[in-house]
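2 protein chains.
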Amino acid sequence: MVQTALKSVYAFKSGHRGMKDLLGSKGANLSEMVQLGLPVPPGFILTTAVCNQYLSREQRLSDRLMAEVNEALRLVEHDLGRVYGDSENPLLLSVRSGAKISMPGMMETVLNLGLNEETLGGLIRQFDNEWFAYDTYRRFVQMFGSVVLGVKKEYFDDLFSHQKAHWGIAEDAQPSVSMMRQLVNAYKEVILDRTGQPFPDSPQEQLRLAIEAVFRSWQTPRAIAYRNHQKIDHALGTAAIVQAMVFGNLGTDSATGVAFTRNPANGDKDLYGEYLMNAQGEDVVAGVRTPEKLSALAVEMPRIYQELSEVAYRLEQHYRDVQDMEFTVERGRLFVLQTRTGKRTVQAAVKIAVDMVEEGLLTREEALLRIDANQLSQLFVPAFNQAEKGKAKHAGRLLAVGLNASPGAATGKLVFDPEEAKQCAAQGEAVILCRVETCPDDIHGILAAQGILTSRGGNTSHASVVARGLGKPCVAGCEACQVDLRAETLTVQGKIFSKGALISIDGTTGEVYEGGLGAETPSHNPGLDVLLSWADQLRRLAVRANADTPSDALKALEMGAEGIGLCRTEHMFMGEERLPVVRQLILARTSGERCQALSQLLPMQRQDFITLLQIMSGKPVTIRLLDPPLHEFLPNREEVQTELLALKQADPYQLAYQEKQLVLRKIDELREVNPMMGFRGCRLGLVYPEIYEMQVRAIFEAACQVLAQGGIVRLEIMIPLVGFASELKQIQQQLDAVAQRVMRERQCGLDYCFGTMIEVPRAALVADELAQCARFFSFGTNDLTQLTLGFSRDDSEGRFLARYLEKDILPNNPFETLDIDGVGRLMTMARDLGRQARPDLKLGLCGEHGGEAQSVQFADRIRLDYVSCSALRIPVARVAAAQAVILGPPEEVGVRSRLFPQVGT
Amino acid sequence: MVQTALKSVYAFKSGHRGMKDLLGSKGANLSEMVQLGLPVPPGFILTTAVCNQYLSREQRLSDRLMAEVNEALRLVEHDLGRVYGDSENPLLLSVRSGAKISMPGMMETVLNLGLNEETLGGLIRQFDNEWFAYDTYRRFVQMFGSVVLGVKKEYFDDLFSHQKAHWGIAEDAQPSVSMMRQLVNAYKEVILDRTGQPFPDSPQEQLRLAIEAVFRSWQTPRAIAYRNHQKIDHALGTAAIVQAMVFGNLGTDSATGVAFTRNPANGDKDLYGEYLMNAQGEDVVAGVRTPEKLSALAVEMPRIYQELSEVAYRLEQHYRDVQDMEFTVERGRLFVLQTRTGKRTVQAAVKIAVDMVEEGLLTREEALLRIDANQLSQLFVPAFNQAEKGKAKHAGRLLAVGLNASPGAATGKLVFDPEEAKQCAAQGEAVILCRVETCPDDIHGILAAQGILTSRGGNTSHASVVARGLGKPCVAGCEACQVDLRAETLTVQGKIFSKGALISIDGTTGEVYEGGLGAETPSHNPGLDVLLSWADQLRRLAVRANADTPSDALKALEMGAEGIGLCRTEHMFMGEERLPVVRQLILARTSGERCQALSQLLPMQRQDFITLLQIMSGKPVTIRLLDPPLHEFLPNREEVQTELLALKQADPYQLAYQEKQLVLRKIDELREVNPMMGFRGCRLGLVYPEIYEMQVRAIFEAACQVLAQGGIVRLEIMIPLVGFASELKQIQQQLDAVAQRVMRERQCGLDYCFGTMIEVPRAALVADELAQCARFFSFGTNDLTQLTLGFSRDDSEGRFLARYLEKDILPNNPFETLDIDGVGRLMTMARDLGRQARPDLKLGLCGEHGGEAQSVQFADRIRLDYVSCSALRIPVARVAAAQAVILGPPEEVGVRSRLFPQVGT
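For the record, the sequence lines run as chains D and W. Take 0 as the starting number for the first sequence in numbering that gives the first Met the number 0 and just add one per residue. Take 0 as the starting number for the second sequence in numbering that gives the first Met the number 0 and just add one per residue.
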């Protein structure tokens, strides 16, 4: 076996950072620091192989292994000039876990090993501090008792509280030395009582038991659950790190703290962190005292500060990344206890990456790979101040968590009526519009509000879709909230909020807070422009925007869009002055009535397109014809019914009553069991050809006009929900005729083409047939995911999907990160069939996945031409597309060998 | 060119039946009869090539062609001893269309060509019958005027009516010779008036114009639409058949009629048909007089009858199939005018096929191919008497046509309340249960009723699914019917039917009739058993049944099922005494409450399975675990709301009120936007593991008990709605543990395996991963079709699907006939991936397509192991499976080369 040839125990000085498999991440970094000559308390590491051996076969660590441990211990004793278990000059030890992949808080640590009645005396003499020594002894017995011997922590805590009461000392006052002596004895009695064994006084026994406990903590249910969740291999095992204790709580010349080599909040190149004078590491974590900023250390302990700065510089240069260090100052001597890559905000990540390239530490490619592209969109939406949010949570002001339907933070007065929202906004008041669900009738209220809160509906509900389109914060489907529209109250957690109450919603997280919260709009990040320019030089994939309105288009251009990949014309039907006309269209009884309504819509749509095409001046604009089912444009059924009742009581023969009845009948007629798979998309276009004909006329009239005014136009007309080549063929023939007619009328020639969405699985299966008509495909991965997985997005997110993620049935929410194994396979197939039939077929992706990094990288891997996403996500796509190129050539072997088995090995 | 080498005109005697491409079907058959020496009026055929040439290039038929025509005409004149255009002994001609594929009624015919003032005299003398000659002349001018010269038929009809009134003769009385002379002149004036040209008196000109008109009729809009619909190639063209006229209206020694070589209604080997003495063929069609049965001819004209019988025998022996002949007796001389394959009922088809094998006319394989397998299921359901139905339609009693949701015919009193339906049935009354939609609460009413009528819902609505399961006639989604449950009325076509009114529904056609109609249950067809036994010897595909109850299973065995391919356990949850327990289960707030409800269901389910397994004794039984969303088991929301209101008024603090409120809340909680893609199938099984665990326990306890009693058990447990291997793995692990536990408890070993439905497109895409767990796949083609096409069955059938079929966007309803190009491709892929991972993977199909012939043949082509369908469709599947084998080896090149392009050419 290979393992038997390896050593079981490594002194820090014989390891290095490349040995994470064997020594764990923490251990490897400690070794590396020792190699660099940095001041690390000496120690050694029992390898992950020892752990696995122990867990699989042994009841206790072998004597042979303990002999190796003792050998390593001798070196530590020699280094520090203290001896483990010695009653005169005792060495104390810590034993910590340290896996290859960090599992923060999941495994065990034991501190202050080596204490017993005899070595206690040595410790008192060593530091000439009796109180410190007893406090350390107390901490040790308690920690060892709970972690190693398995006595519940409550027993010790209860005892301590009880004794304090008995002694009559206040909760936060310190007990005296004699009290602590009593306490230690009482602790030991508890241990004897609970375990039937006396507390082990032998330092050797303590060490063996502690190492075993650390190894065993790899197997606790919470550690297993964590690894399952994080997809960490259970076979890795943890290392155990045995290290000499150093003490930051020996007086005013001692301290302990954490330090970042750069500011993790904003990326500034300053040593950043916190420390506590005269304290142990656990005190910093526990938050008993408020720590000082590290800048204070420069005044208090200038030499130490200087030394720490040098360590920081060397570590950052060495690791070529921001380091997060733990340090302790023991009586004026600095020790570094740990170093690891520093976590940072996205603002900081961008600045640091760019700065490090300028400093020559990183290449541009490395810098780009350092960015979590998905976080970049956070740079553009307002967010609540984190500290204020934390305080609000502490104060119990977090009311509920709904779906994070549209990112951003907003505070305002509760309003339940869209009309009132509009009026309040007109008077300069910030309001949050709260509804059970929203519908097209509410659009003026949505536009006026700072944010939207609904108690029902999923990520594709009306509120969610509209809010995302408008870039307005929205928390949707917040089922803990009971909304009573008649009483105009919101009831949550037993509290009742009336109209006018101040609330705050965080659309980025789905949280709803009582009262106001300070929001910050991230300041312009100049580093980002630099980073994006590097990404643009590298990436192959074009990035377009999903934009429906002129303001969307302007925003998209600002974010670097190279065109519009999805203009949803239905959003143009939703305008306040248009909805009545659209309803006229739907309620039309004859083709003539339908045409009359359409002729009213035509000039409106034409003007939309003129503005849009002017803004995009020459960049490609992909316009999708009407897609949603018609009932989405009709008012809410229950409201109509209520109105109807009132009208009937007034006078059942009046025209208004009869008209309203017609509306109700139409709502019922159009009601669908599964609207997602119903009468929408090109199915509408084929049954009511007038609608698409009007839209195409509006588009081409607009394009001709822009062209006549000297503009440039690149039009791509997209047919939604196609599943059969015959659908596409019929529609395209009919619409091409309209296009030709308009161009003849206006005597102009346009650069245009027709294409199709690929969003019905069948479309992917017959992509070769579709490509005979379509000049481009745009993968509508939202619907394609719904249908391929059979997951209704509205119904699954609040229900089984959460459980699926918890239970690790799914690795990700497939509506956020593309399901590469399923949907991705279908896309690859569609690409192959499509390009086979039409080699120059243009391929894009316009679902929300177009703004998600992993999905964008997949789009590059399968050689799509572009992705299209909402404006705020364009930077995500640009960086992710560059990362895809940096990460190397496409590897499709996995997919290919499955789809085309005969071709594989 | 090949065409120029071919003759343009073929005398009957120079053609034969193999020349349908060139001579059309009718012409080829006429030629064949002449070859056989049968008494056919002489004639000749202008080929389809002439037609195509005329239509593409010419304004008129060339003189050269007309010379060829005249040459052929000479032979006819010689044969018959009459001369075309001769004033003494004139020959009259007919010109008919005749395409390769019959297009009944779509194209034109012109009769009695060759008449003018001169030849009229000859005709009078020829038959010594002035009235006959004038009547013939009148008919000719009118027909030529409308068909050839394009004068609308109404002009002639109006003139005739007007003249009759003027003459003062009754509508049905015959005009005199002088009146007809006036009429002919008046017709000629109308023609001059409308066309500006005099009526062509030249027989040569008449012939040319008539041939041109017949050719042109290939291009009429209705003919083009028909070919589009029937997928007939427009390039085929029609032949024109020029034939000597013979007359059945020359007195009591003349007659005309149609004859089948065997009885087309029941298949009896008797000459069968109808005739009219002294009449022309068009009189038989027009139904002016009631024709006589052919048996009467044996008495009236025994010699002719004998001659006709001999012709029939020779034709049938020659064509080896039932022939449908037209004949005319002209003054004691028999002429056969046409022969074609006789259409027949399915009862007759079966008997004829079997008889012909016994007679040595056909092989068994040929006999099987003669059957339209899809029609076989009609042999088992009651149907209304066709004649009565026809009369009812004439009488305006057809009220509406809804969806043909479950086949069969039923008559009964209208009842709107399920409870009342039960009471009426208990008193022996036949009732039709009429609802807006049905829900599980109505089950006792559905069971009691003769048939179900609903105004809403599609083919997968509750009523449809349950009725099909019960084999009960159902017309669903009949939107023309307004159902008022409160008033207990059904309003349709402005008529109001109250409770107790007699109505009839035809679930085979979707028709709803006023009043009662006589229904016939088809008698046992002994031929079918023979035919099925031949099919069983040939077929490769096993045929199983979809059966949920013991009575289903018995029926299935009777129909020849080789196992159960789909036992839907949810139907076991719907029983009257079970539904309350199921609701308890759904309303449970804790896992404990859930388990309590489940423990009540367990013994019920166990008993279901015991009976089922006993009945199937050793045949494989595939049991699908709970599939539908839970809300399907809850009562109707509106009803609950009404009840709630009543309870609240009574006393809002009573327990019943609060419980009902809980129900309403649960209904709202479980309400889904797209239930088809929601929280159902294995998603339920994963979130509430107790449910599947109970089901598996019930199954295995039942199986162990049957085994202990000496029975044989072959169990296949099927997990529904799987899309991810992780789903299957988790469920299977968990359920396998239950199975093992039960077997240990009962100390028995069972033959069992787990498998999965393939009904979510993703499942097909990752079939290799699924096959690592699943021992079998069953293609759930209903849901697979819905998701692959994005067609909600409930929403599409009533809406765009009908339009899609009309507009030829789809060739078939994909829920009836499998979409081979789309869904079929996905299935082929799943098969390849699945068998790659597990070569002995068993593959089945259990959607409704399992009982549709074309789909069954596809299942054989892609080498599935079995299909499963409802009991009544089992004969369809058995025959279709045999047909697939007879039709030859699988040809998958089309599919394969598309799915695996690299492998193709």
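We treat Cβ as the ideally placed atom computed from N, Cα and C, and that holds for glycine.
- Taken atom to atom, the span from the alpha-carbon of Thr610 of chain D to that of Ile718 of chain D is near 22 Å.
- Between Gly450 of chain D and Pro417 of chain D a beta carbon distance of about 14 Å is seen, past the 8 Å cut, so the two are scored as non-contacting.
- For a Cβ distance threshold of 9 Å, residue set Val672, Asn673, Met675, Met676, Gly789 and Ser791 of chain W lies close to Met675 of chain D, ordered along the chain.
- In this structure, DSSP gives Cys473 of chain D an extended state, which the three-state scheme calls strand.
- Close partners of Ile808 of chain D in chain W (Cβ separation under 7 Å): Leu685, Phe723, Ser725, Glu726 and Gln729.
- In chain order, Asn384 and Glu387 place their CB closer than 6 Å to the CB of Gly517 of chain W, counting only its own chain and leaving out the 5 sequence neighbours on each side.
- Using beta-carbon distances, Phe799 of chain W counts as an interface residue toward chain D, with a partner under 8 Å.
- Take Gln835 of chain D, set aside five residues on each side of it, and the residues of its chain with a beta-carbon closer than 7 Å to its own are Asp767, in chain order.
- In the structure shown, Val345 of chain W adopts helical secondary structure according to DSSP, grouped into three states.
- Excluding the 5 residues flanking it on each side, His630 of chain D has same chain C-beta neighbours closer than 6 Å at Leu669, in chain order.
- Under the DSSP assignment, Lys728 of chain W falls in the alpha helix (DSSP H) whose first and last residues are Ala724 to Arg745.
- Residue environment for Thr219 of chain D: exposed (fewer than 16 other C-beta atoms within 10 angstroms of its C-beta).
- Cβ neighbours of Met105 of chain W within its own chain (closer than 7 Å, five residues either side excluded): Arg221, Ala222 and Tyr225.
- In the three-state reduction of the DSSP assignment, Tyr9 of chain W falls in the strand class.
- Under a 10 Å Cβ-count criterion, Lys230 of chain W is classified as exposed, with fewer than 16 other Cβ atoms of the shown protein chains found around its own Cβ.
- For Phe155 of chain W, the uninterrupted alpha helix (DSSP H) segment begins and ends at Lys152 to Trp166.
- Taking a 10 Å sphere around the C-beta of Trp533 of chain W, we find 16 or more other C-beta atoms and assign the residue as buried.
- For the stretch 812-829 of chain D, the set of positions with a beta-carbon nearer than 7 Å to some beta-carbon of chain W reads Asp820, Gly821, Arg824 and Leu825 in chain order.
- Under the Cβ criterion of 8 Å, Pro439 of chain D is not counted among the residues facing chain W.
- Under DSSP, Asp483 of chain W takes part in a beta bridge, and its partners are W:Thr488.
- Among the residues facing chain W, Arg802 of chain D is included, as its CB has a counterpart in that chain under 8 Å away.
- The C-beta separation of Ala736 of chain W from Tyr751 of chain W comes to about 13 Å, leaving the pair out of contact by the 8 Å criterion.
- The distance from the Cβ of Leu565 of chain D to that of Arg636 of chain D is about 30 Å, inconsistent with a contact at the 8 Å cut-off.
- Listed in chain order, the alpha helix (DSSP H) runs fully inside the stretch 779-806 of chain W are 780-788, 792-795 and 799-805, counting runs of at least 4 residues.
- Cβ proximity to chain W below 7 Å picks out Val759, Pro760 and Arg761 from the stretch 744-763 of chain D.
- In this structure, the alpha-carbon of Gly149 of chain D lies about 42 Å from that of Cys477 of chain D.
- By the beta-carbon neighbour count (other beta carbons within 10 angstroms, threshold 16), His461 of chain W is buried.
- C-alpha of Ile370 of chain D to C-alpha of Gly526 of chain D: approximately 12 Å in a straight line.
- Against chain D, the beta carbon of Asp535 of chain W has no neighbour under 9 Å; the closest one sits roughly 34 Å away.
- Contact note: Ser30 of chain W does not reach chain D at a C-beta cutoff of 9 Å; the least C-beta distance is about 39 Å.
- With respect to the 8 Å criterion, Asp626 of chain W and Leu720 of chain W are classified as neighbours on the basis of their beta carbons.
- Taking 8 Å as the CB threshold, Arg682 of chain W lines the interface with chain D.
- In this structure, the beta-carbon distance from Ala883 of chain W to Gln856 of chain W falls below 8 Å.
- Judged by DSSP secondary structure, Asn812 of chain W falls outside any alpha helix (DSSP H); it is assigned neither H nor E.
- At least one CB of chain W lies nearer than 8 Å to the CB of Leu786 of chain D.
- Neighbours of Asp794 of chain W in chain D, taken as residues whose beta carbon is under 8 Å from its own, are Glu671, Val672, Asn673, Pro674, Met676, Gly677 and Phe678 in chain order.
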